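Trainee: Heads up: the sequence shown begins at 44 in my numbering, then just goes up one per residue.
This structure is in structure tokens; I'll ask about it shortly.
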Amino acid sequence: NNKGDALISFENIESVETAIEMLHESNIRPDCKITVSPAEFAMKGDEYRERKRQKIDAVEKKRIQAENERRFAWNEEQAASVGLKIVILKHLFNPEETKDNDRLVQEIEVDVLTEVEQS
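What follows is the structure in structure tokens.
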């Protein structure tokens with residue numbers, strides 16, 4: 044029997060808190076509330092084994108830092124339409140209505156894409 048657990052990973056720690064604020068105790072379907080919480084880490088086994096860390100020189104470290112700043116930018120000037128932006132649309136449609144209705148699914152897709160292109 045599936046418990047319905049899911050794991051979602053974020054690169055920004057702030058995204059975890061945002062996901063919790065927006066989604067904890069929300070309904071993903073009628074009468075189907077979800078619980079969202081940060082992962083709990085625990086040591087497996089009796090012995091701690093430290094991972095070998097890859098050595099990174101100062102130049103590579105700066106390059107990685109600059110790339111991460113560009114990827115996570117929310118400022119339009121900074122991002123210049125580059126990088127991943129995520130928007131959660133809640134209650135956009137009823138899954139029952141779209142079950143065997145490909146045309147409705149296409150209409151929703153077109154509507155969302157049109158709004159995204161306008162922003």
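No residue lacks a Cβ here, since even glycine has one placed at the ideal position from N, Cα and C.
All values reported here derive from a predicted model rather than from experimental measurement.
Please return the same chain residues whose Cβ sits closer than 7 Å to the Cβ of V148, not counting the five positions on each side in sequence.
Mentor: So the qualifying residues of the chain are T141.
Trainee: Quick check on DSSP: helix, strand or coil for N44?
Mentor: In this prediction, N44 has a pLDDT of 48, which is less than 50 and means its spatial position is unreliable; what the coordinates show is noted afterwards. If DSSP states are grouped into helix, strand and coil, N44 belongs with coil.
Trainee: What does the alpha-carbon distance come out to for the pair K95 and F115?
Mentor: Rounded to the nearest angstrom, the two C-alpha atoms are 27 Å apart.
Trainee: Would you kindly check if the distance between the Cβ of E68 and the Cβ of K76 is under 7 Å?
Mentor: Yes, they are a contact pair.
Trainee: Of all the options T78, A62, L66, P138, which has the alpha carbon lying nearest to the alpha carbon of D48?
Mentor: Cα-wise, what sits closest to D48 is T78.
Trainee: Based on Cα-Cα distance, which residue from L50, V153, E150 lies nearest to F84?
Mentor: Here the closest residue by C-alpha is L50.
Trainee: From which residue to which residue does the beta strand (DSSP E) around N70 run?
Mentor: 70 to 72 is the extent of the beta strand (DSSP E) around N70.
Trainee: Whole angstroms is fine: what's the gap from V55's alpha carbon to E160's?
Mentor: The residue you asked about is not Val; residue 55 is Asn in the sequence shown. Answer to the nearest angstrom: the Cα atoms are 25 Å apart.
Trainee: Tell me the rounded alpha-carbon separation between E90 and R146.
Mentor: Approximately 57 Å between the Cα atoms of the pair.
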